[in-house]
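Asker: Residue 42 in numbering that gives the first Met the number 0 sits at position 43 of the sequence shown, with consecutive numbering throughout.
Every residue, glycine too, gets a C-beta built ideally from N, C-alpha and C.
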Amino acid sequence: MHSNNESVAHPTSPKKYIEDEYFYDDYSDDVYNLDNLRREKLSEIDNADFQWFHIRACIVSGVGFFTDAYDLFVINLVSTMLGYVYFKHLDNTVPKLIDMGLKMSAACGTLIGQLVFGWCADHYGRKKMYGLELSLIIVSTLGSALCANSFAITLWGSLMLWRLILGIGIGGDYPLSAVITSEFATKKRRGAMMAAVFSMQGFGILSAAVVSVVTLALYKDLIAQEPDYIDHVWRIVLGFGIVPGIVALYFRLTIPETPRYTMDVMKDVEKASHDIDNVLSSNKREKDKNIPVYSIEVPRATFKDFIAYFGKWQNGKVLIGTSVSWFVLDVAFYGLGLNNSIILSAIGFSNSPDVYTVLWNMSVGNIIITMLGTVPGYWFTVFLVDKWGRIKIQLMGFIALTILFLVLGIAYHQILRFSLPLFIVIFTLCQLFQNFGPNATTFIIPGEVFPTRYRSTGHGISAASGKLGAIIAQVGFINLKDIGGPNMFVDRMMIIYAFFMFIGIWTTLLIPETMNQSLEELSNEDQIGFVKARKNSSPKSVNNNWSSDITSDSV
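Here's what the structure looks like:
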């Protein structure tokens, strides 16, 4: 493989094969066999039987995503609670700018984390970054729960700062969890494994509401005596997010580096092959100290190479497709998800003069919404993504959402006034087709379609584009929803969401179907001759004992 990523056909015999920058000479059989060894071992990963290690990888990544969703969406409940403790003079309502700051701070941090950790994971390794971002989440979650007013800074000011840091950690979890899962997954079940990891987002959202309900029940009598006990409730609900994070931390620190990263970035094909043998519990090849050590070369992640790779339309259009699709999806997903209390209030579910009843109904309402549409949607994707394909599911979701948001936008107030059950059904279907649709596939596809050296960076760019959409949605929703009166502009917001979903239909067409294809096939790079020896390199010692079982047609 040339450093400019042009394909190079390998000769039948590698003897005396010479290029401008790389060459094969009298010991090139071993270099050629390293190239075959790489492809043989990657094929073993792609075609391995599903086993305990794959389940463990899903659990380790999934617990992190559970924590991410819990911490991101719990602010929807906490923000309402803060109003009853600190803003009694404003009818128990958090001022618009503070509410927006509380909800946007984590989103802004997430965008930063997705870009920074995405790049770092490609340059310093997946394993090194995986524990670091989770540690950030744990520390910042604890800091958020312990915030208080002081002479120098207000409670909501310090809460915004901690949630910004929290968001950076959460942002890192997106590309890392996706890439680690995809690089360990089998080709046949890769989509289901990644969807299962992402489905924990639904359980995280659900658990935030459940913890709120349980905590409110424990404090019911105390809140009846003194409403300020809500201050205890929101801190417990917020702080509970560290529990799953602590559980996952040990396993993240001990998870092995992915073999694909070891091969394609660290340039250690032999070590990666041993790691694969260990992970898959296959016949282990004894490492021979006399194995030749070469100064090998593989395509490197540099700015010049990045421009050269994504400058080709066949590669650049994929990054555009994954990024814009995620952007338009998150405009609607977070615009609604972080404002469920607005919807619950619109249908009269959280309206009550009693503070405890308001908070209780809001928490229970979130459980109902999540159970009706959100959780089932994720699991439909898990079971069908490797049968139907990613693109079909994403297109189906965007088309359904375009229609549903149009219906809500055109007849929002009429449906609320004359047919409340119909409104609930339509809103539930919106939640269902977001998650049995683009919300899951926009996470899966960027973890598959880019080469190893840019896989995490590409996923981070795509995810950050989505988070930019979430920020725009949050600013827009809060500032536009009350034009003409309380919640009077929500119908037009739905039409705006429908427009973004329509854009998603077309950007999806830029993305290739990834089902049943290896990550190397999807990279658009020739895999024959991917590993090369540099000019004037020589082995420290020569021993071909291990190479005799690697044939030229092993993959």
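1. Rounded to whole angstroms, how far is the Cβ of Ile366 from the Cβ of Leu114, which I believe are closer than 8 Å?
2. Return the CA-CA distance between Pro298 and Lys316, expressed in angstroms with no decimal places.
3. For Glu285, which residues of its own chain have a beta-carbon under 6 Å away from its beta-carbon, when the five flanking residues on both sides are left out?
4. Near Thr79, which residues of its chain fall below 8 Å by C-beta distance, leaving aside the five closest residues on each side in sequence?
5. Please specify which runs of the alpha helix (DSSP H), each continuous and at least 4 residues long, are wholly inside the region 191-238, giving them in chain order.
6. I need the DSSP call for Asn438, collapsed to helix, strand or coil.
7. Can you name, in chain order, every residue of its own chain whose Cβ lies under 7 Å from the Cβ of Ser60, other than the five neighbours on each side?
8. Pop quiz: Thr321 and Ile510 are said to be a contact at Cβ under 8 Å. What is the actual Cβ separation, rounded to whole angstroms?
9. Throw me the rounded Cβ distance for the Leu41 and Cys107 pair, which I believe falls under 8 Å.
10. Look up Asp560 in the DSSP assignment and say whether it is helix, strand or coil.
11. How is Thr251 classed by DSSP in three states: helix, strand or coil?
12. If you drop the 5 nearest sequence neighbours on each side, which residues of the same chain put their C-beta closer than 7 Å to that of Gly457?
13. Quick one: Cα of Ser139 to Cα of Asn75, how far?
14. Can you check whether the CB of Pro174 is closer than 8 Å to the CB of Gly238?
15. Can you round the beta-carbon distance between Leu557 and Gln430 to whole angstroms, since I take them to be within the 8 Å contact cut?
16. Along the alpha helix (DSSP H) that carries Gly396, what are the first and last residues, could you check?
17. Could you check where the alpha helix (DSSP H) with Pro258 kicks off and where it finishes?
18. Tell me whether Ile245 is buried or exposed, calling it buried when 16 or more other Cβ atoms sit within 10 Å of its Cβ.
19. Any idea what DSSP makes of Met487, helix, strand or coil?
20. Out of Asp227, Val213, Met193 and Gly201, which one is the CA nearest neighbour of Ile54?
21. Within 8 Å, do at least three Cβ pairs link the region 382-400 to the region 490-504?
22. Apart from the five residues just before and just after Asn148, which ones in its own chain have a Cβ nearer than 7 Å to its Cβ?
23. In angstroms with no decimal places, state the Cα-to-Cα distance between Ile460 and Trp378.
24. Using a 10 Å radius around the Cβ and a threshold of 16 neighbouring Cβ atoms, would you call Phe302 buried or exposed?
25. Among Ile306, Gln200 and Ile235, which one has its Cα closest to the Cα of Ala216?
26. Looking at the structure shown, is Arg188 part of a helix, part of a strand, or coil, going by DSSP?
27. For Leu518, which of Arg125, Thr214 and Glu182 has the nearest alpha-carbon?
Answerer: Working from what's here:
1. 34 Å between Cβ atoms; not a contact.
2. 21 Å
3. Confidence at Glu285 is low in this model, with a pLDDT of 48, below 50, so its placement is unreliable and the value that follows should be read with caution. Closer than 6 Å at Cβ, skipping near neighbours: no residue.
4. Val93, Ser340, Val357, Leu358 and Met361
5. 219-224 and 229-238
6. helix
7. Ser176, Ile179, Thr180 and Val196
8. 6 Å
9. Wrong, their Cβ atoms sit about 38 Å apart, outside the cutoff.
10. Here the chain has residues from 0 to 554 only, and residue 560 is not among them.
11. Correcting the residue type first, residue 251 is Arg in the shown sequence and not Thr. In this structure, Arg251 counts as helix in the three-state DSSP scheme.
12. Leu318, Pro445 and Phe449
13. 18 Å
14. no
15. The structure shown does not extend to residue 557, since the chain spans only 0 to 554, so no value can be given for it.
16. Arg389 to Phe417
17. Pro258 to Asp263
18. exposed
19. coil
20. Met193
21. yes
22. Leu154
23. 26 Å
24. exposed
25. Ile235
26. coil
27. Glu182
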